[in-house]
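Asker:
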Amino acid sequence: MYMMRNKKEVIMKLGTKIIGDIGDFGAMLPLWEGEIVTIDSTYGSALEEAKIKWDDNSHTWLLLSDINSPSTANGSSIGYYTEEAYYE
């Protein structure tokens, strides 16, 4: 799948590394690291979901549109990012 973010193409496919800067709403906790293991487009391309498997073997389902979309609350960086976008 291709998504446009900040005039740059971001490719998300199986195996894409994901960083979860989710902390405890800004607390200084370690980042979550994982990768996309499933992409589901049952409900159409606008609602494609990715299953993220984290390093602790838990998982989270996210809309692909929520990845690389930082929170707008107080300029916070809390959110989910591709590894490439997080470390830019």
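For what it's worth, my numbering labels the leading residue of the sequence shown as 21, then goes sequentially.
Note that the Cβ used here is the ideal one computed from N, Cα and C, for glycine as well.
Since the structure is predicted, the reported quantities are computational estimates derived from the model, not experimental observations.
Around the C-beta of residue 102, are 16 or more other C-beta atoms found within 10 angstroms, so that it is buried, or is it exposed?
Answerer: Against the sequence shown, residue 102 aligns to sequence position 82. Buried is the call here.
Asker: Do residue 51 and residue 40 count as a contact pair if the criterion is CB distance below 8 Å?
Answerer: Indexing the sequence shown from 1 puts residue 40 at position 20. Indexing the sequence shown from 1 puts residue 51 at position 31. Yes, they are a contact pair.
Asker: Please name the residue or residues paired with residue 60 in a DSSP beta bridge.
Answerer: Residue mapping note: residue 60 aligns to position 40 of the sequence shown, counting from 1. Residue 60 is bridged to 69.
Asker: Rounded to whole angstroms, what's the CA-CA distance from residue 72 to residue 57? Just pull it up for me.
Answerer: Here residue 72 refers to the residue found at position 52 of the sequence shown. Here residue 57 refers to the residue found at position 37 of the sequence shown. Distance between the alpha carbons of residue 72 and residue 57: 6 Å.
Asker: Between 75, 108 and 84, which lies nearest to residue 31 when the distance is taken from Cα to Cα?
Answerer: Within the sequence shown, the letter at position 11 stands for residue 31. Checked all of 75, 108 and 84; the closest Cα to residue 31 is 84.
Asker: Grouping DSSP H, G and I as helix and E and B as strand, with all else coil, what is residue 41?
Answerer: Along the sequence shown, read from residue 1 onward, the residue named residue 41 stands at position 21. Three-state result, residue 41: strand.
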